[in-house]
Structure formats: C-alpha cells, structure tokens
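Beneath this line is the structure, given in structure tokens, with notes to follow.
Residue numbers (UniProt numbering): 1 to 856.
Right, here's the structure in full:
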C-alpha cells in the first residue's frame with residue numbers, strides 16, 4: 001500500500017527536524033561518535049516504521065550494511081540497505097520491497113540498496129570483495145531475525161580470511177595510488193586519501209573477517225593494539241570524523257574532500273582564527289595532516305602484525321647483522337624486544353643499517369612497532385649524545401638511500417623528534433598559491449631532487465647539474481641546506497634568517513667544519529636569492545651579474561646555490577618549473593661563473609665588445625654580409641647591448657637590417673631556444689600605449705607573458721621583445737601560432753582606436769578562496785635613472801594589460817618587465833621612467849590606481 005501525501009510530508013519533516021536537532025547538538029558538544037550513532041538510530045526508527053506500514057515485517061528482513069550498518073551515518077552519506085528476500089520470493093513481497101525503496105527516495109533519503117535472496121548474497125560476495133565487505137558490517141533494522149542470522153553464519157563459513165586480507169591490502173594500495181598527488185594534497189579526501197578513514201576501516205574489516213575483533217578495544221584485548229596505540233588511533237579517528245561531519249553540514253550534501261571553498265569555514269567551526277603567521281585554514285590543514293599521518297603510521301604497523309597472525313608466520317632469521325639487528329623474512333628485525341630501551345642509540349642506527357642493506361624490504365613488524373614506541377626515548381639527552389649526532393650525519397654521507405631513509409624517519413615521527421624545529425612544520429600547509437606540498441614534504445622533495453642530480457641513472461634529466469654535483473666535494477652540505485631551507489616556516493618573521501640560525505646551531509653541534517657550517521647557513525639564508533634575481537632582474541646586464549658575483553664570492557658557493565635553487569623550485573609544484581626558468585638560472589650561473597673565474601670586477605666595455613662579436617658571428621652563420629648590421633646598430637646605445645644577449649642582438653639585426661624605418665608596425669616571432677614558448681619582436685614608431693596594446697593582445701589571445709624588454713632607438717622606434725607561453729591545452733602547430741602572432745599583432749598595433757582591455761578572465765578556485773592582498777612598491781633603481789616597480793597579486797588573465805594601461809595613463813615608459821608567476825601568484829617587476837615619478841602626490845595616486853587595477 002502506498003503512503004498518502006500527508007504521511008510522506010510527515011516523514012520528510014520528521015527526518016528534517018531530527019537532522020536539525022542532531023546538527024545543533026553536535027555543534028554544541030562536538031562529539032562525532034554520538035552524532036553518527038544518533039543519526040543512524042533516527043533513520044532506523046523511520047525505516048522500521050515504514051517497513052511495517054508496507055507489510056514487510058514478516059516476509060523479508062531489512063538489514064543496514066556498509067557505513068550505515070557500522071552505525072556511522074554521516075549527514076550527507078548514502079543509507080546502504082540490503083533487503084533480504086525469501087527463496088523463492090513471492091511477487092507480492094517483491095512489489096512491496098520496490099514500493100519501500102521508492103518511499104525512501106520520496107522522504108528525502110539518499111539510498112544505496114540491493115534486494116537479494118540468501119543464495120544471491122552468497123554468490124555475489126564470493127565473486128566481489130566489495131560486496132563481501134559491505135555485508136561484513138550489518139545490523140538488523142526490521143523484519144525477522146532468523147534469515148539474517150543464517151545468512152551471516154553462511155557468509156562467515158564461506159569467507160577465506162587469507163584471500164580477504166590480500167584483497168583488502170591490494171585495494172588499499174590501489175586507492176593510495178589513485179589518491180596520491182598534488183590535487184589530493186591541496187584538497188585531500190578525508191575518506192579515501194592515504195591516512196584517511198578508509199585506512200582505519202581496512203584494519204577493522206580485516207580484524208573482523210579473521211575473527212580478531214571489530215573495534216579498537218577488542219584489538220587491545222587480543223594483544224594486537226596497545227592501550228597507547230588505541231588512544232592515538234581513537235583520537236585521530238575522532239579528528240577525521242569531525243572534519244567529515246563538518247564538511248557535510250557546511251556543504252549541505254556529501255562532500256568528502258577538504259575543498260578550498262570550505263577549508264576556512266571548517267577552520268572557524270573548529271574555533272581556529274587567523275594569526276600573523278598562519279591562516280586559520282593552514283592551522284586546520286596541519287591538524288588534518290597530523291591526524292592522517294598517525295593513521296598512516298598505525299596502519300603501517302598493524303597490517304604487517306595482522307598478516308603475521310593470519311598466516312601464523314614464524315620469524316625466520318636469515319642473517320646476523322650486528323649486536324642489535326638481524327634479517328627476518330627479508331626485513332630488518334630486532335634481536336631483543338627491549339633493544340631500544342636498553343640502547344637508545346640503536347634508534348638512529350636502525351635507519352642507517354636499513355639504508356646500508358638495500359636488499360631488505362623494510363622493518364619487520366615487531367621492530368617497526370618497537371621503533372615507533374621508542375620515539376619517547378629521543379629527548380634532549382639523546383640529541384646531545386655524540387654517538388647519535390655522528391649516526392645522523394652518517395645517514396647524509398651514505399652513497400645511497402638518503403631520501404628513502406628521511407621519508408621513513410618522517411613517517412614514523414623520528415625525524416621531527418630528533419629535530420624539534422622540523423617537528424613543528426610537519427603537516428603544515430602553505431596557502432601561498434604555489435606550494436602544493438606540506439612544508440615537511442616539500443623539504444624532503446627538495447632533498448630528493450638534490451640526490452637525484454647525484455644519481456647516475458638520472459644524469460640525462462639535468463646533465464649540467466649532474467656534472468656540477470658530481471664535482472662537488474662533501475655533497476652532504478647541500479642535503480643539509482635542503483633540510484633546513486624552509487624549517488622556520490610558520491614562525492613569523494623571515495624564515496630564511498630564522499632557518500639560518502637553526503642551521504648554524506645544528507652544524508656546530510654535529511661537528512661540521514667551520515667552512516661547511518658557514519656554507520650550509522649561508523645557503524639557507526640565501527636560498528631565495530638566485531631565483532629572485534633570475535626572474536625579477538635583468539640577468540644580461542653586467543652590473544646585475546657583478547652584484548650577484550659579489551654576493552656569492554666563490555665558485556663553490558655559486559654551484560651550491562644553483563643546485564639548491566633548482567631543487568627548491570622543482571619541489572614546490574610540478575607546474576612551477578619550466579624550461580624558461582631553467583634557462584634563466586643557467587644563464588645567470590654561467591655569467592656569474594665567468595666573473596668569478598676572471599677575478600676582480602667586470603669590464604663592461606670588454607663584455608659589450610664580446611657580445612657584439614658573438615652577434616656578428618651568428619649573423620655570418622645566417623649568410624648576412626659583413627656590415628649589414630651597422631645601420632641598425634648606429635641607432636642603438638650601450639643600454640640596448642647591455643640588456644640583450646648575443647642571440648637576441650643577432651636576431652634583431654637579421655629581422656631589421658633592411659627596414660630601419662617601416663611605416664607600419666613590424667612583428668616577427670620565432671620558437672624560443674629552449675623550445676618553451678615563443679619570442680616576439682615588435683618594431684614600430686614609438687607611440688603612447690604601444691606596450692599596453694601588445695599586452696592587451698596577448699591577454700585577449702590567452703598567451704601569457706614571461707618577459708618583456710622595451711627599448712626606444714635613437715630615431716624614435718620602439719624595439720620591444722616579448723617571451724610568451726602558448727595557451728594551455730593548445731594543440732596547434734608552432735608555425736601556425738607564429739604566423740598568427742606576426743599578422744594579428746601587427747594589425748592590432750596598427751589600429752587607431754581606443755585601447756581595448758581583455759575581459760577579466762576566470763581566476764583559479766585556489767586564488768578565489770585564498771586571495772592575495774595586492775602589493776605595490778616603487779624605488780629608484782641602482783643607477784637612479786629609473787624606478788623599479790614591484791607588484792605582487794593574484795594571477796589572472798589580462799593582469800599585465802591592466803597594469804600596462806595604468807602606466808600608460810600616467811605617461812610612464814616601461815623599459816623592461818619581468819613576470820614571475822608561481823602557481824596562482826604573480827610577482828612582477830618593471831623598470832619605468834617618467835615625470836610622474838618625481839612628484840610624490842602623483843606617485844601615490846599611481847600606486848592607488850595600480851592597486852585598484854590589481855583588484856579587478
């Protein structure tokens with residue numbers, strides 16, 4: 001029998017009222033287990049009543065399965081049910097079951113349902129481990145109990161514990177692979193990501209399937225968990241449960257990812273507030289990552305122990321290693337259960353020993369648990385013990401296995417315990433729009449990148465960097481600099497300077513020579529410098545190179561900083577590094593190395609003559625006759641030759657040697673030397689807004705500008721060079737793109753109509769929810785002949801065109817533009833001239849106008 005509209009409305013309202021009451025109670029008490037249990041009970045009551053009203057209470061059993069069967073029903077979760085039908089199933093019973101399912105949808109429940117006979121359940125469970133797992137967690141909600149009990153007994157008799165264990169561990173590995181990566185780091189899935197709720201479920205599913213217990217207390221009683229481990233795992237579980245409930249309540253639907261849109265709101269629900277050093281959302285993400293890490297640790301400890309119980313595995317010693325350790329079933333094991341209590345120095349020696357024995361797959365279960373519990377032994381006395389300091393340093397000096405060892409030490413909390421400052425940044429997220437890893441993961445990624453340069457199997461990736469590190473004596477100083485370069489993040493203040501002090505203390509305590517200590521400390525303090533100079537300053541200007549050489553002082557420091565800089569940029573995000581940045585850094589390295597090798601200051605006249613000679617040589621290679629460049633070069637002053645490299649100078653001469661004064665704008669384009677992007681030459685009689693019009697064209701056509709050099713010849717022609725990147729997902733041929741730019745940009749520049757700015761494009765979700773406050777600053781350049789304009793803002797399509805339009809409105813000439821895009825963050829630098837800059841009031845109005853443009 002169908003329910004009338006009025007009863008349907010009654011049940012809908014009953015459920016809505018109950019949800020509202022439970023949500024209010026949860027917000028007041030913040031007890032996730034109580035909320036999940038009470039919501040499950042509320043749904044039980046409604047379904048049981050509907051079941052009876054449909055006349056099904058005698059003919060079929062209604063069974064809660066999955067998360068609902070576990071008694072953990074989240075606000076937006078599906079209500080998973082099994083309708084257990086008799087064999088054979090009368091047509092009337094099947095019809096009633098169908099009407100019942102329709103009613104559940106009608107009253108507003110999201111359901112996952114199946115209607116099966118016992119025989120069908122057994123066949124499906126045998127064929128599909130997902131069905132078997134779903135039926136593992138079950139409760140009778142309504143109907144006769146006997147068929148339910150009989151089915152569960154038959155399922156248990158049919159179950160193969162060994163196959164179930166292997167199936168679930170394989171499933172976990174595949175899930176971790178699917179949910180590992182940048183997007184899951186920024187917006188982790190609370191249920192499916194490594195260290196998520198599914199990892200806890202996996203432990204309990206296996207425990208229940210093998211008859212060892214279905215809750216943490218039962219595992220304590222069976223000796224699988226210790227009381228301390230149970231407390232930790234319950235605490236982490238509660239953290240994850242609260243986060244998931246908050247997400248569902250705030251999203252008003254099922255949402256298991258900590259998405260940008262909700263991170264700040266969830267943080268406020270947790271009572272967190274922004275501080276000068278950290279956003280509330282960053283504090284929340286650190287809580288999440290630490291809870292997930294604990295789950296990951298205990299999952300890694302418990303599953304091997306469960307395997308030993310299930311397989312009744314007898315430890316088989318195959319090799320004596322030393323007084324503390326031996327090989328057990330292909331893993332490193334402890335010879336005595338209390339070895340770490342009696343000999344705390346064995347804690348770090350365990351990692352060093354495993355590092356030296358790559359044939360061993362990891363730590364044996366008993367050793368892993370003992371090692372994890374031994375963290376409390378790492379105190380100030382332990383840190384001051386010379387033996388431990390020596391062992392820690394030896395880990396960095398080993399020829400192989402450093403990255404894997406540091407990651408193991410971090411996973412099990414040893415690294416953060418030995419280096420308390422490192423422990424502070426474990427799980428710390430950086431909502432700066434370009435770091436996509438937590439600080440600890442980023443640091444280990446940087447060390448991994450440095451180590452990768454030193455491994456011969458990867459020499460083909462960065463051959464020059466591999467040669468540099470191969471010639472670098474005592475490369476452990478590089479790895480230590482990588483370990484400390486961001487260790488002071490989130491403390492407030494300049495993390496480079498704070499980290500420099502940390503590195504200094506560490507090096508002194510760990511017996512590094514004075515020279516190496518100074519180098520590590522200097523690298524940490526300067527780790528952002530080379531990147532900033534390469535991307536924000538004119539690295540083809542000899543004075544820029546000379547200043548950098550004066551800072552670096554020695555070729556060894558230069559090589560070390562270059563290696564660390566590349567490793568650091570590559571460790572922020574897969575999207576931040578590109579061939580353009582690689583070229584800038586390599587060119588800066590070579591130019592600086594030449595200065596340091598010569599000794600003394602740079603002779604600018606000699607440098608200029610060398611560039612001209614290199615350019616002439618390239619012109620001859622292109623069959624350009626001697627002296628053909630003279631006409632153009634007569635219109636160029638020293639500034640031009642200082643700001644362009646020889647290849648650009650030769651290209652300009654080839655393109656323009658026969659057209660020194662064209663009536664219409666000329667545009668020439670070519671594939672960049674590094675094959676990353678396109679170089680564009682604009683040659684036109686100079687006029688206001690020319691730079692802005694070029695920027696607007698690139699903004700409208702979705703080409704992003706990486707670099708611009710703006711120059712005006714002696715006879716009043718603009719000679720501007722742009723380096724642009726092609727639109728993302730563009731599948732056209734480069735030749736087509738070059739032709740498009742040459743014809744369309746020239747036509748656009750020739751038009752005599754008001755400047756049309758590109759429409760403000762869509763901004764990234766990351767930037768939308770973690771906006772950057774625009775920053776504008778101006779200062780005289782080192783020659784006092786122009787001003788350096790620095791801008792920090794959220795990146796968006798058309799941003800540069802808007803900046804250029806404001807500068808044109810104030811009649812300012814742009815001499816160069818250096819565009820540094822880090823994820824969704826833009827840090828741009830311009831060299832500008834104009835009368836407006838000499839008047840304080842006008843300069844202030846300019847800054848105000850720029851900030852307004854950056855906010856559009």
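Ideal Cβ placement from N, Cα and C applies to all residues, glycine included.
Source: prediction; values computed, not measured.
Cβ-Cβ separation, residue j to residue i (assumed contact under 8 angstroms), whole Å
i: residue 190; j: residue 256; result: 5 angstroms
i: residue 788; j: residue 781; result: 5 angstroms
i: residue 345; j: residue 388; result: 6 angstroms
i: residue 560; j: residue 478; result: 6 angstroms
i: residue 423; j: residue 277; result: Actually they are not in contact, since the Cβ atoms of residue 423 and residue 277 sit about 16 angstroms apart, beyond 8 angstroms.
i: residue 62; j: residue 83; result: 6 angstroms
i: residue 267; j: residue 283; result: 7 angstroms
i: residue 280; j: residue 264; result: 6 angstroms
Cβ neighbours of residue i in the same chain (closer than 8 angstroms, five flanking residues each side left out)
i: residue 641; result: 608, 611, 612, 649
i: residue 4; result: Here residue 4 scores only 47 on pLDDT, less than 50, and its place in the model should not be relied on; the value that follows carries that caveat. Result list for residue 4: empty, nothing under 8 angstroms.
i: residue 357; result: 321, 327, 332
i: residue 802; result: 757, 853, 854, 856
i: residue 342; result: 336
i: residue 464; result: 586
i: residue 476; result: 393, 396, 397
Of the listed residues the options, nearest to residue i (C-alpha basis)
i: residue 69; options: 135, 605, 300; result: 135
i: residue 567; options: 533, 150, 113, 446; result: 446
i: residue 200; options: 412, 63, 116, 241; result: 241
i: residue 709; options: 147, 409, 79, 690; result: 690
i: residue 112; options: 152, 67, 555, 394; result: 67
i: residue 824; options: 645, 402, 741, 771; result: 771
i: residue 492; options: 105, 274, 155, 404; result: 274
i: residue 410; options: 290, 92, 180; result: 290
i: residue 88; options: 60, 64, 740, 636; result: 60
i: residue 105; options: 46, 570, 153; result: 46
i: residue 17; options: 657, 75, 821, 56; result: 75
i: residue 449; options: 572, 37, 644, 175; result: 572
i: residue 26; options: 385, 816, 243; result: 243
i: residue 485; options: 473, 443, 195, 508; result: 443
Residues near residue i in its chain [Cβ-Cβ closer than 6 angstroms; skip 5 each side]
i: residue 129; result: 167
i: residue 702; result: 727
i: residue 738; result: 669
i: residue 39; result: 22, 73
i: residue 1; result: Because the pLDDT of residue 1 is 46, which lies under 50, any placement of that residue in the model is unreliable, and the number read from its coordinates should be weighed accordingly. If we look at residue 1 and ignore the five residues flanking it on each side, it has no Cβ neighbours.
i: residue 14; result: none
Residue-chain proximity (residue i, chain C), Cβ-Cβ < 8 angstroms
i: residue 375; result: Among the protein chains of the structure shown there is no chain C, as only one such chain exists.
Cβ-based neighbour list, residue i, same chain, cut-off 7 angstroms, excluding 5 preceding and 5 following
i: residue 437; result: 185, 445
i: residue 525; result: 496, 497, 500
i: residue 836; result: 810, 811, 812, 842, 843, 846
i: residue 35; result: 22, 26, 245
i: residue 8; result: 106, 107
Any non-hydrogen atom of the ligand ZN closer than 7 angstroms to residue i Cβ
i: residue 405; result: The ligand ZN is not among the ligands present in this structure, which contains no ligands whatsoever.
Please specify which runs of the beta strand (DSSP E), each continuous and at least 3 residues long, are wholly inside the stretch 125–154, giving them in chain order. 138–142
Across the stretch 544–562 and the stretch 590–605, are there enough close Cβ pairs to call them in contact, namely three or more that are closer than 8 angstroms? yes
Three or more C-beta pairs under 8 angstroms: does that hold for the stretch 841–852 against the stretch 801–817? yes
Inspect the CB distances between the stretch 86–100 and the stretch 37–56 and report whether three or more fall short of 8 angstroms. yes
Restricting to runs no shorter than 4 residues, where is the alpha helix (DSSP H) found entirely within the stretch 208–258? 216–221, 227–251
Is it true that the stretch 775–784 meets the stretch 676–689, where meeting means three or more beta-carbon pairs spaced less than 8 angstroms apart? no
Determine, using beta-carbon pairs with one atom in the stretch 196–212 and one in the stretch 294–303, whether at least three such pairs fall under 8 angstroms. yes
Run through the stretch 366–447 for me and flag every whole alpha helix (DSSP H) of 4 or more residues, listed as ranges in chain order. 380–384, 386–397, 402–411, 414–418, 420–425
Is the stretch 206–224 touching the stretch 161–179, taking contact as three or more C-beta pairs under 8 angstroms? yes
Measuring CB atoms only, is the stretch 576–585 touching the stretch 613–626, in the sense that at least three cross pairs come out at less than 8 angstroms? no
Do the stretch 298–307 and the stretch 362–373 make contact, defined as three or more Cβ pairs closer than 8 angstroms? yes
Within the stretch 702–755, ranges of the beta strand (DSSP E) (whole runs, at least 3 residues): 704–709, 717–725
The stretch 663–678 touching the stretch 740–757, judged by at least three CB pairs closer than 8 angstroms: yes
Unbroken beta strand (DSSP E) runs of length 3 or more, entirely within the stretch 8–94: which are they? 61–65, 79–84
Unbroken alpha helix (DSSP H) runs of length 4 or more, entirely within the stretch 555–601: which are they? 555–570, 579–598
Complete runs of the alpha helix (DSSP H) confined to the stretch 790–831 [at least 4 residues]: 799–809
Whole runs of the alpha helix (DSSP H) within the stretch 626–690, excluding any shorter than 4 residues: 630–633, 638–643, 646–656
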